[in-house]
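A.B. asks: Chains as they are written, first to last, in numbering that gives the first Met the number 0: chain A, 0 to 146; chain B, 0 to 146; chain C, 0 to 146; chain D, 0 to 146.
Cβ atoms here follow ideal geometry from the backbone N, Cα and C, with glycine treated the same way.
Computed from a prediction, not measured in an experiment: that's the story for all the values here.
There are 4 protein chains.
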Amino acid sequence: MPDMPAPVFVHRRPVTIEWGDCDPAGIVFYPRYFAMFDASTAALFDAALGMPKIRWTKHFGILGIPMVDTRAKFHVPSAYGDQVAIESRVTAFRRSSFDVEHRLLKADGTLGVEGYETRVWTARDGETGRIRSAPIPPEVTKAFAQE
Amino acid sequence: MPDMPAPVFVHRRPVTIEWGDCDPAGIVFYPRYFAMFDASTAALFDAALGMPKIRWTKHFGILGIPMVDTRAKFHVPSAYGDQVAIESRVTAFRRSSFDVEHRLLKADGTLGVEGYETRVWTARDGETGRIRSAPIPPEVTKAFAQE
Amino acid sequence: MPDMPAPVFVHRRPVTIEWGDCDPAGIVFYPRYFAMFDASTAALFDAALGMPKIRWTKHFGILGIPMVDTRAKFHVPSAYGDQVAIESRVTAFRRSSFDVEHRLLKADGTLGVEGYETRVWTARDGETGRIRSAPIPPEVTKAFAQE
Amino acid sequence: MPDMPAPVFVHRRPVTIEWGDCDPAGIVFYPRYFAMFDASTAALFDAALGMPKIRWTKHFGILGIPMVDTRAKFHVPSAYGDQVAIESRVTAFRRSSFDVEHRLLKADGTLGVEGYETRVWTARDGETGRIRSAPIPPEVTKAFAQE
Chain A
0 MPDMPAPVFV
10 HRRPVTIEWG
20 DCDPAGIVFY
30 PRYFAMFDAS
40 TAALFDAALG
50 MPKIRWTKHF
60 GILGIPMVDT
70 RAKFHVPSAY
80 GDQVAIESRV
90 TAFRRSSFDV
100 EHRLLKADGT
110 LGVEGYETRV
120 WTARDGETGR
130 IRSAPIPPEV
140 TKAFAQE
Chain B
0 MPDMPAPVFV
10 HRRPVTIEWG
20 DCDPAGIVFY
30 PRYFAMFDAS
40 TAALFDAALG
50 MPKIRWTKHF
60 GILGIPMVDT
70 RAKFHVPSAY
80 GDQVAIESRV
90 TAFRRSSFDV
100 EHRLLKADGT
110 LGVEGYETRV
120 WTARDGETGR
130 IRSAPIPPEV
140 TKAFAQE
Chain C
0 MPDMPAPVFV
10 HRRPVTIEWG
20 DCDPAGIVFY
30 PRYFAMFDAS
40 TAALFDAALG
50 MPKIRWTKHF
60 GILGIPMVDT
70 RAKFHVPSAY
80 GDQVAIESRV
90 TAFRRSSFDV
100 EHRLLKADGT
110 LGVEGYETRV
120 WTARDGETGR
130 IRSAPIPPEV
140 TKAFAQE
Chain D
0 MPDMPAPVFV
10 HRRPVTIEWG
20 DCDPAGIVFY
30 PRYFAMFDAS
40 TAALFDAALG
50 MPKIRWTKHF
60 GILGIPMVDT
70 RAKFHVPSAY
80 GDQVAIESRV
90 TAFRRSSFDV
100 EHRLLKADGT
110 LGVEGYETRV
120 WTARDGETGR
130 IRSAPIPPEV
140 TKAFAQE
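1) Out of Gln82/A, Lys57/A, Val89/A and Arg54/A, point me to the one whose CA is closest to Ala106/A's CA.
2) Considering only their Cβ atoms, is the gap separating Arg88/D from Leu43/D smaller than 9 Å?
3) Between the stretch 17–48 of chain C and chain A, which residues of the former have a C-beta closer than 8 Å to a C-beta of the latter?
4) Here's a check: name, in chain order, each residue in its chain whose Cβ is nearer than 7 Å to the Cβ of Ile61/B, leaving out the five neighbours to either side.
5) Report the CB separation of Pro23/D from Pro30/C in whole angstroms; it is logged as a contact under 8 Å.
6) For a quick check, are the C-beta atoms of Thr69/C and Phe28/C less than 9 Å apart?
7) At a Cβ cut of 7 Å, what residues of the stretch 48–59 of chain B count as close to chain D, listed as they run along the chain?
8) Along the chain, where does the alpha helix (DSSP H) containing Met3/C start, and where does it finish?
9) Could you give the first and the last residue of the continuous alpha helix (DSSP H) run that contains Val75/B?
10) Please list the terminal residues of the continuous alpha helix (DSSP H) segment that includes Ala47/B.
11) What in chain D is Cβ-close to Gly80/B, meaning under 7 Å?
12) Among Pro65/A, Leu104/A and Thr90/A, which has the Cα closest to the Cα of Val75/A?
13) Kindly indicate which three-state DSSP category Thr56/B falls into: helix, strand or coil?
14) Have a look at Ile64/C and Arg129/C and give me their C-alpha separation to the nearest angstrom.
15) From Gly80/C to Lys52/A, what distance separates their C-alpha atoms?
16) I believe Val99/D touches Glu116/D by the beta-carbon criterion, under 8 Å. Please report the beta-carbon distance rounded to the nearest angstrom.
17) CB Lys72/B to CB Val67/C, shorter than 9 Å?
18) Of all Cβ atoms in chain B, is any one closer than 9 Å to the Cβ of Thr90/D?
19) How is Thr90/D classed by DSSP in three states: helix, strand or coil?
20) Among residues of its own chain, excluding the 5 on either side of Ser95/C, which ones have a beta-carbon nearer than 7 Å to its beta-carbon?
21) Cutting at 7 Å between CB atoms, please list the residues of its own chain near Cys21/C, excluding the five before and the five after it.
22) Could you say which of Glu126/B, Gly111/B and Phe92/B lies nearest to Pro137/B if we only look at CA atoms?
23) Determine the closest residue to Met35/B out of Arg102/B, Lys57/B, Pro6/B and Arg54/B, with distance taken between C-alpha atoms.
24) CB Asp37/C to CB Gly25/A, shorter than 9 Å?
25) Taking the alpha-carbon positions, what's the Pro6/A to Leu110/D distance?
26) At 8 Å on the CB atoms, spell out the chain C contacts of Gly114/B, in chain order.
27) Could you have a look at Gly111/D and say whether DSSP puts it in helix, strand or coil?
28) Does the beta carbon of Thr15/B come closer than 9 Å to any beta carbon on chain D?
29) Run down chain A in chain order and give the residues with a C-beta less than 9 Å from the C-beta of Arg70/D.
30) With 9 Å set as the bound, which would you pick, yes or no: does the beta-carbon of Leu62/D sit closer than that to a beta-carbon of chain A?
31) Which class does Phe143/D belong to by DSSP, given the choice of helix, strand or coil?
32) In this structure, how does DSSP classify Gly155/A when only helix, strand and coil are distinguished?
33) Step through the CB atoms of chain D and report whether any lies within less than 9 Å of the CB of Pro4/A.
34) By Cβ distance below 8 Å, which residues in the same chain neighbour Ala144/C in space, the five residues on each side in sequence not counted?
35) Within 10 angstroms of the Cβ of Gly125/A, are there 16 or more other Cβ atoms? Answer buried if so, exposed if not.
As structure tokens, then:
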């Protein structure tokens, strides 16, 4: 897809680490980071497309963007009360799948966690009714081609 | 409803407290108890009705049994690794709502947490399509009238 | 305690309902409301005392404010993408315990959920090392006596 | 480490997918899989070492086995009520870190999710008090060398 514009859009959102996010070691229970990243991906698309997820899924006639592969690397733990920021961006759009990267930054700018996701643009087939991947519309890739 | 049989059925299930259930104080983060109790209510109905929730909701043509009021009293905390048991019973059936009680018992039999729920038997109206309460079928109350 | 000032301080915080907060019925899985209320109580004390929980627990030499009794009434469900607000206040201070009320308001001002909590001001006994309730300092009750 | 025995121990545990594990698409909210895998790793070590985590961390004088890198691939979704099994094994022990693999199998044996973890054997330095990686004791690697 030589003429697909490169995604450059970045979204950053502040997150407060809550008591309930943390485990007996006093640090974030790592599955909670994946929940934070899931919300960050939704917020990233909301910001790029200018409408909330519940509307853009309808607008594009899709069921959602389910995860097929995700990974996280944990560099520095966060504790409750910490004010962190999550920076998220799409790093690649393919025909019907795409990659997202998240960087959780501590208050002093240190990289705390890196997250990687591969998701699929997913719709219900109009004829068969089966759930299947669908081509990502140019309207989407264009929205992410702008800072 | 003078002829409704009194519910006497009791269900008990073992629960292992996981690391991820616990907070920085090293004890169960209390919202997790509500999730455990929700699973216990499902298990209570599964056991009384002899089929899993995904089947009995279809069998009775309901959408579910949403919560309208719940309360818990915390007596003794549990820590990760603890083996506890949750004892659950329906304490009252009314026309379309019912009450559930849960007792979380520590390994030595101490009462750790009490839970109380009021839920509604909820269906979609065949004519209007609106979600509304529905009468609890005698088949259900009878199933709970047996030990 | 006739001379204890009445608590009047109210804290309101916006909450976005995330996809991961919701269940297969498409509405908030109710244990999540308790986690939101727990974060709201922390935010209420942070705002009244002018410092984050991790600091005011140290400042007052306490271990925390564990829950002994909590209840919620569910009036109107919330779905993912909903922007709600949680209004929280202390309704009563006693010697070493206190009550908190939360009102989750939908975007149109409708009352979605009410939450009630009783918590205990909890410290480690300097002599015995045992965890026990402790008197709530006047500095705290005074901070809540101002709007 | 040419003489370190190859880990062959496998642990399998049944898991029931709860209503509260699932999202508005009716399938498991993927961060919940990581919480299930975390509990599976604890259960794997419990089974291999013959004591619960709260005891083997004390026995070996460690703080825990924090995650540094984890990944999951999602092949087939699970819905509430599903009875699945998680098969877990250590695939490699190094000086102070090790890898774990999880395979979540559906009732019909289909591979639903694969999980990969790298964790570190972590202790507090006796002299400096700092948290640092520690060598994995032969007692541990030997326990995993037996089926």
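C.D. replies: On the basis of the data shown:
1) As a working note, residue 106/A is residue 107 in the first sequence. Closest option to Ala106/A, Cα to Cα, is Gln82/A.
2) As a first step, residue 43/D must be located in the fourth sequence, where it is residue number 44. As a first step, residue 88/D must be located in the fourth sequence, where it is residue number 89. Yes, these two residues count as a Cβ contact at 9 Å.
3) Against chain A - using a Cβ distance shorter than 8 Å - the residues of the stretch 17–48 of chain C are Glu17, Trp18, Gly19, Ala34, Asp37, Ala38 and Ala41.
4) Numbered from 1 along the second sequence, position 62 holds the residue referred to as residue 61/B. By the criterion of a C-beta distance shorter than 7 Å, Ile61/B is surrounded in its chain by Trp120, Thr121, Ala122 and Ala133, once the five residues flanking it on both sides are discounted.
5) For the purposes of this step, residue 23/D is identified with residue 24 of the fourth sequence, where counting begins at 1. For the purposes of this step, residue 30/C is identified with residue 31 of the third sequence, where counting begins at 1. The beta carbons of Pro23/D and Pro30/C sit about 16 Å from each other, so the pair does not count as a contact at 8 Å.
6) As a first step, residue 69/C must be located in the third sequence, where it is residue number 70. As a first step, residue 28/C must be located in the third sequence, where it is residue number 29. Not in contact: Thr69/C and Phe28/C (Cβ atoms no closer than 9 Å).
7) Against chain D - using a Cβ distance shorter than 7 Å - the residues of the stretch 48–59 of chain B are Pro51, Lys52 and Ile53.
8) Within the third sequence, the letter at position 4 stands for residue 3/C. No alpha helix (DSSP H) contains Met3/C, which DSSP labels as neither H nor E.
9) Reading the second sequence from its first residue, position 76 is the one you call residue 75/B. Counting along the chain, Val75/B falls outside any alpha helix (DSSP H), and DSSP gives it neither H nor E.
10) In the second sequence, residue 47/B corresponds to position 48, counting from 1. Pro30 to Leu48 is the span of the alpha helix (DSSP H), which, as asked, contains Ala47/B.
11) The residue labelled residue 80/B in the question sits at position 81 within the second sequence. For Gly80/B, the residues of chain D that pass the 7 Å Cβ criterion are Pro51, Lys52 and Ile53, in the order they occur in the chain.
12) Mapped onto the first sequence, residue 75/A falls at position 76. Considering only alpha carbons, the answer is Leu104/A.
13) The residue given as residue 56/B occupies position 57 in the second sequence. DSSP places Thr56/B in the helix class (H, G or I) of the three-state scheme.
14) The residue labelled residue 64/C in the question sits at position 65 within the third sequence. The residue labelled residue 129/C in the question sits at position 130 within the third sequence. Whole-angstrom Cα-Cα distance: 16 Å.
15) Along the third sequence, read from residue 1 onward, the residue named residue 80/C stands at position 81. Along the first sequence, read from residue 1 onward, the residue named residue 52/A stands at position 53. About 7 Å.
16) Position 100 of the fourth sequence, counting from 1, holds the residue named residue 99/D. Position 117 of the fourth sequence, counting from 1, holds the residue named residue 116/D. Taking a contact as a CB-CB distance under 8 Å, the pair Val99/D and Glu116/D counts as one, their CB atoms being some 4 Å apart.
17) Your numbering for residue 72/B matches position 73 in the second sequence. Your numbering for residue 67/C matches position 68 in the third sequence. In this structure, Val67/C lies closer than 9 Å to Lys72/B by Cβ.
18) Taking the fourth sequence and counting its residues from 1, the one referred to as residue 90/D is at position 91. Not closer than 9 Å to any Cβ of chain B, the Cβ of Thr90/D fails to qualify, so no.
19) What you label residue 90/D is simply residue 91 of the fourth sequence in a count that begins at 1. Three-state DSSP puts Thr90/D in a strand.
20) Against the third sequence, residue 95/C aligns to sequence position 96. If we look at Ser95/C and ignore the five residues flanking it on each side, its Cβ neighbours are Val119, Trp120, Ser132, Ala133, Pro134 and Ile135.
21) On the third sequence, position 22 is the one that residue 21/C refers to. Cβ within range, chain order: Val27, Phe28, Ala78 and Tyr79.
22) Here residue 137/B refers to the residue found at position 138 when the second sequence is read from its first residue. That would be Phe92/B, whose Cα lies nearest to the Cα of Pro137/B.
23) By one-based count along the second sequence, residue 35/B stands at place 36. Looking at the Cα atoms, Arg102/B is the closest of the given residues.
24) As a first step, residue 37/C is located in the third sequence; it is residue number 38 there, counting from the start. As a first step, residue 25/A is located in the first sequence; it is residue number 26 there, counting from the start. Contact flag unset, no.
25) To locate residue 6/A, count along the first sequence from 1; it is residue 7. To locate residue 110/D, count along the fourth sequence from 1; it is residue 111. Taking the straight line joining both Cα atoms gives about 33 Å.
26) Position 115 of the second sequence holds residue 114/B. Neighbours of Gly114/B in chain C, taken as residues at a C-beta separation under 8 Å, are lacking, since the least C-beta distance is about 10 Å.
27) For the purposes of this step, residue 111/D is taken as residue 112 along the fourth sequence, with counting starting at 1. In this structure, Gly111/D counts as strand in the three-state DSSP scheme.
28) Position 16 of the second sequence, counting from 1, holds the residue named residue 15/B. Closer than 9 Å to the CB of Thr15/B there is at least one CB belonging to chain D.
29) Start at 1 with the first residue of the fourth sequence, and residue 70/D comes out as number 71. What Arg70/D touches in chain A: Asp68, Thr69, Arg70, Ala71 and Tyr115.
30) Reading the fourth sequence from its first residue, position 63 is the one you call residue 62/D. Yes - at least one Cβ of chain A is within 9 Å of the one on Leu62/D.
31) On the fourth sequence, residue 143/D is found 144 positions in, with the first residue counted as 1. Correct three-state label for Phe143/D: coil.
32) In the structure displayed, chain A extends from 0 to 146; residue 155/A sits before or after that span and is not available.
33) The residue you call residue 4/A lines up with position 5 of the first sequence. Not one chain D Cβ lies under 9 Å of Pro4/A.
34) For the purposes of this step, residue 144/C is taken as the residue at position 145 of the third sequence. The residues are Pro4, Ala5, Pro6, Val7 and Phe8.
35) Here residue 125/A refers to the residue found at position 126 of the first sequence. Residue environment: Gly125/A is assigned as exposed (fewer than 16 neighbouring CB atoms within 10 Å of its CB, all protein chains considered).
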